[in-house]
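Here the structure comes first, spelled out in structure tokens, and everything after it is commentary.
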Amino acid sequence: KTEFNRVNCLVRALHESSRSFSLAMQTHEFVRTGPPVAMAWNGVDVHAWHKHIAYQVAAYALLEAAIEVELFLSHNRFNNPSPVHKILSPNTSFLREKIESQLNARNPKLVEWFRTVELPRLSGYFMPLFKKWSMEYAGSGVAGTIMAITCCAAVGKLDSGRISCSSFSISIEEAIIELMTMAHDLVCIDKLHQLSTEAGFEDHFLSRFGSKVLPSKNVEDIEFWIGLVQTKLSVAFERESVGENSLATLALFAYLGREARLFLLRHNIKDIDEPINDFLSYLECGILFIYPEFSTLSEYQLLMEVEVASSSKPVERNFLKKYAMKLVAASVDVWMGTQLLFVDTSETVRFIVKKMWGHNVTERERKKMERTLADIATLIPVTILMLLPVSAVGHAAMFAAIKRYIPCLIPSPYSDERINLVKQLKRTKKMEMLRVGVEETVSKGV
1 KTEFNRVNCL
11 VRALHESSRS
21 FSLAMQTHEF
31 VRTGPPVAMA
41 WNGVDVHAWH
51 KHIAYQVAAY
61 ALLEAAIEVE
71 LFLSHNRFNN
81 PSPVHKILSP
91 NTSFLREKIE
101 SQLNARNPKL
111 VEWFRTVELP
121 RLSGYFMPLF
131 KKWSMEYAGS
141 GVAGTIMAIT
151 CCAAVGKLDS
161 GRISCSSFSI
171 SIEEAIIELM
181 TMAHDLVCID
191 KLHQLSTEAG
201 FEDHFLSRFG
211 SKVLPSKNVE
221 DIEFWIGLVQ
231 TKLSVAFERE
241 SVGENSLATL
251 ALFAYLGREA
261 RLFLLRHNIK
271 DIDEPINDFL
281 SYLECGILFI
291 YPEFSTLSEY
301 QLLMEVEVAS
311 SSKPVERNFL
321 KKYAMKLVAA
331 SVDVWMGTQL
341 LFVDTSETVR
351 FIVKKMWGHN
361 VTERERKKME
371 RTLADIATLI
381 PVTILMLLPV
391 SAVGHAAMFA
401 AIKRYIPCLI
411 PSPYSDERIN
421 LVKQLKRTKK
431 MEMLRVGVEE
441 TVSKGV
């Protein structure tokens with residue numbers, strides 16, 4: 001069922017005005033006479049040419065009406081064209097030239113008829129709506145801009161086949177971005193979201209501003225986006241009848257926790273308070289409290305489907321420098337990476353046996369086999385170097401050199417992302433043990 005909003009209302013008006021223009025062309029005296037009449041007897045659709053431009057005419061009339069209304073709302077700044085006029089005029093000029101060239105090819109008098117008769121008449125499909133909406137937008141400070149965005153969004157909902165020009169569709173999307181940026185300079189983000197939602201172009205708002213939330217120094221904007229995410233998650237859970245303890249819900253929050261941790265890592269934020277660390281661990285691994293069957297490393301890794309970066313990219317983790325300065329901590333990381341490599345190798349052997357018995361392996365299993373075999377291949381030269389009779393500092397220096405000059409030789413199980421997965425898992429298990437211990441102590445005290 002189509003949602004009723006202002007964008008969809010304008011789309012319906014575009015369809016109606018397009019049909020109206022086609023009917024007017026069919027009854028026009030310059031179209032009903034001459035060779036086309038003879039061609040109609042031979043089964044040729046003599047109206048195909050103006051049906052082809054009908055949506056171009058409707059879109060042109062809508063955008064021109066939007067410019068006119070914005071000029072009126074901005075007190076008719078004819079000596080100083082409004083920003084909306086500057087942004088939309090390339091699109092209207094393109095459509096006008098395209099329409100008039102086709103009309104002129106048929107009959108030059110059709111161009112004058114289009115300008116003086118049809119364009120004012122087609123504007124009548126949109127002006128009553130604009131008049132009503134401008135009253136509702138009164139006091140917002142961006143009434144004309146919001147209506148211009150609404151018009152562009154409506155034109156954008158017509159597929160490029162209707163307008164018969166893909167470049168025009170791209171130009172309309174660019175105009176929406178410019179108009180939204182301009183509107184954001186005039187009103188706060190939550191007000192702009194409210195207006196966008198009411199008008200029906202919330203998707204454009206989210207695609208434009210949603211990807212630029214972080215990093216941001218505006219605390220109010222961050223609070224707005226957190227509240228918006230919470231609202232949309234609640235609505236989605238209610239709509240899909242998702243329970244709070246369902247695997248889908250817990251896996252979603254595990255994903256959000258993992259992305260939050262990786263975001264901090266990418267920005268080199270390493271000194272995190274213990275309560276925040278505990279919260280991220282609980283968010284990412286809290287699923288284990290309800291589904292303990294995922295507590296093993298292999299099962300949890302399968303759930304999270306950890307995808308490491310391509311080996312051609314530099315390893316982000318400053319792992320080897322830590323090895324030189326903090327040998328004990330680095331040794332723990334090496335052991336964790338070795339555990340991961342053992343798990344990967346066991347899984348790969350199982351997949352190979354499965355394939356040998358004639359069973360098909362999935363795309364995910366095939367990629368995992370390829371990744372593990374590549375890890376084993378890169379581990380061989382590193383292992384040979386580590387067997388050289390040098391001190392721990394010498395080993396650290398060799399690792400540092402490999403990391404700096406040949407990063408592709410670092411196997412994926414030793415990457416920061418996957419080692420942190422093991423750390424989060426261990427931290428969560430420790431939190432669970434502490435919680436159980438506290439509960440037992442309290443029960444004994446009672």
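Residue numbering for the sequence shown follows full-length UniProt numbering, starting at 1 and increasing by one per position.
Even for Gly, the Cβ is constructed at its ideal location relative to N, Cα and C.
Here the structure is a predicted model, which means the values were calculated and not measured.
Where the alpha helix (DSSP H) through residue i begins and ends
{"i": "residue 451", "result": "Summary: the structure shown does not reach residue 451, with the chain confined to residues 1 through 446, and so no result is reported for it."}
{"i": "Cys151", "result": "Ala143 to Lys157"}
{"i": "Asp190", "result": "Ile189 to Ala199"}
{"i": "Thr181", "result": "Ser166 to Leu186"}
{"i": "Val7", "result": "Arg6 to Thr27"}
{"i": "Trp113", "result": "Pro108 to Trp113"}
{"i": "Leu129", "result": "Met127 to Glu136"}
{"i": "Ser207", "result": "Glu202 to Phe209"}
{"i": "Leu388", "result": "Looking at the DSSP string, Leu388 is not in any alpha helix (DSSP H), and its letter there is neither H nor E."}
When the options are compared against residue i, the one with the closest alpha-carbon
{"i": "Ile87", "options": "Leu179, Ile419 and Glu68", "result": "Leu179"}
{"i": "Lys157", "options": "Arg418, Met356, Ile410 and Arg6", "result": "Arg6"}
{"i": "Phe130", "options": "Val117, Glu118, Trp113 and Ile149", "result": "Ile149"}
{"i": "Thr345", "options": "Val382, Tyr282 and Ser412", "result": "Ser412"}
{"i": "Ser166", "options": "Gln194, Phe94, Val142 and Asn218", "result": "Phe94"}
{"i": "Leu256", "options": "Pro275, Leu233, Ser241 and His267", "result": "Leu233"}
{"i": "Ala175", "options": "Arg106, Asp185, Thr92 and Asn218", "result": "Thr92"}
{"i": "Val11", "options": "Ala153, Ser82, Pro90 and Arg115", "result": "Ala153"}
{"i": "Ala24", "options": "Val142, His204, Glu118 and Glu68", "result": "Glu118"}
{"i": "His184", "options": "Glu173, Ala199, Thr197 and Phe209", "result": "Phe209"}
{"i": "Met336", "options": "Tyr137, Asp203 and Ile419", "result": "Ile419"}
{"i": "Ile406", "options": "Pro381, Lys429, Lys430 and Leu388", "result": "Pro381"}
{"i": "Tyr60", "options": "Glu365, Val69, Glu68 and Arg96", "result": "Arg96"}
{"i": "Asp278", "options": "Glu223, Lys429 and Val229", "result": "Lys429"}
{"i": "Ser207", "options": "Thr383, Arg366, Ile177 and Ile384", "result": "Ile177"}
Three-state class that DSSP yields for residue i in the structure shown
{"i": "Ile222", "result": "helix"}
{"i": "Phe263", "result": "helix"}
{"i": "Ser241", "result": "coil"}
{"i": "Ile406", "result": "coil"}
{"i": "Asn91", "result": "helix"}
{"i": "Lys430", "result": "helix"}
{"i": "Ile269", "result": "coil"}
{"i": "Gly124", "result": "coil"}
{"i": "Pro411", "result": "coil"}
{"i": "Lys313", "result": "Its pLDDT being 43, under 50, Lys313 is placed unreliably by the model, and nothing is read from it."}
{"i": "Val69", "result": "helix"}
Distance CB(residue i)-CB(residue j) smaller than 8 Å
{"i": "Asp416", "j": "Leu265", "result": "yes"}
{"i": "Thr145", "j": "Val84", "result": "yes"}
{"i": "Phe126", "j": "Ala13", "result": "yes"}
{"i": "Ile163", "j": "Ser169", "result": "yes"}
{"i": "Ala254", "j": "Cys285", "result": "yes"}
{"i": "Ser281", "j": "Gln424", "result": "yes"}
{"i": "Leu63", "j": "Cys151", "result": "yes"}
{"i": "Ser82", "j": "Ser89", "result": "no"}
{"i": "Phe205", "j": "Leu192", "result": "yes"}
{"i": "Ser22", "j": "Lys51", "result": "yes"}
{"i": "Val422", "j": "Leu341", "result": "no"}
{"i": "Thr372", "j": "Thr348", "result": "yes"}
{"i": "Leu71", "j": "Gly141", "result": "no"}
Own chain residues within Cβ distance below 8 Å of residue i, not counting five before or after
{"i": "Val361", "result": "Phe351, Lys354, Lys355 and Met369"}
{"i": "Phe114", "result": "Val57, Ile99, Glu100 and Leu103"}
Min CB distance residue i to chain C below 8 Å
{"i": "Asn360", "result": "Looking at the structure shown, chain C is missing, and only one protein chain is on hand."}
Other residues of its chain near residue i: CB distance less than 6 Å, five sequence neighbours each side excluded
{"i": "Ser17", "result": "Ala58, Leu122 and Tyr125"}
{"i": "Arg427", "result": "Ser281"}
{"i": "Gln102", "result": "Ile53"}
{"i": "Gly34", "result": "Interpretation of Gly34 is limited by its pLDDT of 49, a score under 50 that renders its predicted location unreliable; the figure taken from the coordinates is listed afterwards. Cβ neighbours of Gly34 beyond the five flanking positions: none."}
Same chain, Cβ closer than 7 Å to residue i, neighbours up to 5 away in sequence not counted
{"i": "Lys182", "result": "The sequence given here places Met at residue 182; Lys does not occur at that position. Once the five neighbours on either side are set aside, the close Cβ partners of Met182 are Pro83 and Thr145."}
{"i": "Trp133", "result": "Arg6 and Met147"}
{"i": "Trp225", "result": "Val213"}
The ligand GDP heavy atom lying under 7 Å from the CB of residue i
{"i": "Ile380", "result": "You won't find the ligand GDP in this model; it holds no ligand whatsoever."}
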